[in-house]
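The structure appears below as C-alpha coordinates.
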(Lines of atoms letter the chains of each structure in order from A and count residues from 1; the text may use other names and numbers.)
(Lines give C-alpha, C1' and ligand atoms only; values in the text may rest on other atoms or scores of the structure.)
Protein backbone atom coordinates (compact mmCIF):
# COMPACT_ATOMS: atom_id res chain seq x y z
CA UNK A 1 0.00 0.00 0.00
CA UNK A 2 1.30 3.44 -0.88
CA UNK A 3 0.09 6.32 1.26
CA UNK A 4 0.40 10.02 0.65
CA UNK A 5 2.99 11.55 3.00
CA UNK A 6 1.80 13.32 6.13
CA UNK A 7 -0.30 15.28 6.71
CA UNK A 8 -3.03 13.07 5.29
CA UNK A 9 -6.04 13.82 7.42
CA UNK A 10 -7.03 17.38 6.63
CA UNK A 11 -4.42 19.36 4.80
CA UNK A 12 -2.14 18.46 1.94
CA UNK A 13 0.97 20.25 0.68
CA UNK A 14 -1.06 22.75 -1.36
CA UNK A 15 -3.15 23.75 1.67
CA UNK A 16 -0.05 24.18 3.85
CA UNK A 17 1.58 26.37 1.20
CA UNK A 18 -1.57 28.47 0.98
CA UNK A 19 -1.70 28.86 4.78
CA UNK A 20 1.77 30.38 4.79
CA UNK A 21 1.06 32.92 2.03
CA UNK A 22 0.10 36.53 2.81
CA UNK A 23 -3.65 37.13 2.90
CA UNK A 24 -4.91 38.12 -0.55
CA UNK A 25 -8.14 39.85 0.52
CA UNK A 26 -9.33 41.92 3.48
CA UNK A 27 -11.57 39.02 4.51
CA UNK A 28 -8.67 36.56 4.53
CA UNK A 29 -6.56 39.09 6.46
CA UNK A 30 -9.32 39.25 9.08
CA UNK A 31 -9.36 35.44 9.22
CA UNK A 32 -5.57 35.36 9.62
CA UNK A 33 -5.70 38.01 12.36
CA UNK A 34 -8.38 36.02 14.20
CA UNK A 35 -6.36 32.82 13.87
CA UNK A 36 -3.24 34.52 15.25
CA UNK A 37 -5.15 35.98 18.24
CA UNK A 38 -6.87 32.69 19.04
CA UNK A 39 -3.65 30.71 18.76
CA UNK A 40 -1.92 33.09 21.18
CA UNK A 41 -4.81 32.75 23.63
CA UNK A 42 -5.12 28.98 23.33
CA UNK A 43 -1.40 28.34 23.65
CA UNK A 44 -1.76 29.69 27.21
CA UNK A 45 -5.12 28.05 28.04
CA UNK A 46 -4.74 24.26 28.06
CA UNK A 47 -8.05 23.59 29.80
CA UNK A 48 -11.12 23.14 27.62
CA UNK A 49 -14.18 24.08 29.68
CA UNK A 50 -17.01 21.60 30.02
CA UNK A 51 -20.24 22.57 31.76
CA UNK A 52 -21.80 19.16 32.46
CA UNK A 53 -25.25 20.70 32.84
CA UNK A 54 -25.49 21.69 29.14
CA UNK A 55 -27.13 19.36 26.66
CA UNK A 56 -24.41 17.35 24.88
CA UNK A 57 -21.75 19.12 26.94
CA UNK A 58 -19.09 16.57 26.08
CA UNK A 59 -19.77 16.82 22.35
CA UNK A 60 -19.43 20.61 22.59
CA UNK A 61 -16.20 20.24 24.58
CA UNK A 62 -14.81 17.88 21.94
CA UNK A 63 -15.65 20.32 19.17
CA UNK A 64 -14.01 23.14 21.13
CA UNK A 65 -10.87 21.03 21.54
CA UNK A 66 -10.82 20.19 17.82
CA UNK A 67 -11.05 23.84 16.88
CA UNK A 68 -8.19 24.71 19.20
CA UNK A 69 -5.99 21.89 17.94
CA UNK A 70 -6.61 22.71 14.27
CA UNK A 71 -6.02 26.44 14.85
CA UNK A 72 -2.77 25.76 16.69
CA UNK A 73 -1.55 23.35 14.00
CA UNK A 74 -2.20 25.91 11.27
CA UNK A 75 -0.47 28.63 13.29
CA UNK A 76 2.52 26.35 13.87
CA UNK A 77 2.72 25.74 10.12
CA UNK A 78 2.52 29.48 9.46
CA UNK A 79 5.17 30.50 11.98
CA UNK A 80 7.30 27.46 12.80
CA UNK A 81 6.93 28.48 16.47
CA UNK A 82 7.22 25.32 18.60
CA UNK A 83 4.92 26.81 21.28
CA UNK A 84 1.94 26.07 19.06
CA UNK A 85 2.90 22.45 18.43
CA UNK A 86 3.69 21.97 22.13
CA UNK A 87 0.22 23.27 22.98
CA UNK A 88 -1.33 20.77 20.55
CA UNK A 89 0.43 17.95 22.39
CA UNK A 90 -0.81 19.27 25.75
CA UNK A 91 -4.40 19.44 24.48
CA UNK A 92 -4.26 15.90 23.16
CA UNK A 93 -2.76 14.67 26.44
CA UNK A 94 -5.71 16.30 28.25
CA UNK A 95 -8.09 13.94 26.44
CA UNK A 96 -6.75 11.11 28.58
CA UNK A 97 -7.66 12.94 31.78
CA UNK A 98 -11.32 13.46 30.94
CA UNK A 99 -13.52 11.54 33.35
CA UNK A 100 -16.46 11.41 30.96
CA UNK A 101 -16.55 11.32 27.21
CA UNK A 102 -20.25 10.62 26.88
CA UNK A 103 -22.93 12.97 28.12
CA UNK A 104 -25.34 10.03 28.16
CA UNK A 105 -23.04 7.90 30.31
CA UNK A 106 -22.15 10.83 32.59
CA UNK A 107 -25.83 11.40 33.40
CA UNK A 108 -26.18 7.70 34.21
CA UNK A 109 -23.13 7.84 36.49
CA UNK A 110 -21.17 5.49 34.21
CA UNK A 111 -17.45 6.38 34.15
CA UNK A 112 -16.43 3.51 31.86
CA UNK A 113 -14.59 4.85 28.80
CA UNK A 114 -16.48 2.37 26.61
CA UNK A 115 -19.88 3.21 28.07
CA UNK A 116 -22.98 3.91 25.97
CA UNK A 117 -21.96 5.20 22.56
CA UNK A 118 -22.20 8.94 22.19
CA UNK A 119 -21.50 11.08 19.14
CA UNK A 120 -18.69 12.72 21.09
CA UNK A 121 -16.73 9.45 20.88
CA UNK A 122 -16.62 9.60 17.12
CA UNK A 123 -15.41 13.19 17.01
CA UNK A 124 -12.15 12.52 18.84
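Numbering (this note's numbering), first residue to last: 306 to 429. Think of the CB as a built atom: it goes at the ideal place given N, C-alpha and C, for glycine as much as any other residue.
Cut-off 7 Å between Cβ atoms - residues of its own chain near residue i, not counting five sequence neighbours on either side
| i | result |
| --- | --- |
| residue 379 | 324 and 340 |
| residue 328 | 334 and 337 |
| residue 390 | 381 |
Cβ neighbours of residue i in the same chain (closer than 8 Å, five flanking residues each side left out)
| i | result |
| --- | --- |
| residue 416 | 404, 405 and 410 |
Reduced DSSP category for residue i - H, G, I as helix; E, B as strand; rest coil
| i | result |
| --- | --- |
| residue 347 | helix |
| residue 324 | helix |
| residue 342 | helix |
Buried versus exposed call for residue i [16 or more other C-beta atoms within 10 Å across all chains shown]
| i | result |
| --- | --- |
| residue 370 | buried |
| residue 367 | buried |
| residue 413 | exposed |
| residue 319 | exposed |
Beta-carbon proximity of residue i to residue j, cut-off 8 Å
| i | j | result |
| --- | --- | --- |
| residue 353 | residue 399 | yes |
Nearest-angstrom Cα separation, counted from residue j out to residue i
| i | j | result |
| --- | --- | --- |
| residue 407 | residue 419 | 9 Å |
| residue 355 | residue 326 | 35 Å |
| residue 388 | residue 331 | 27 Å |
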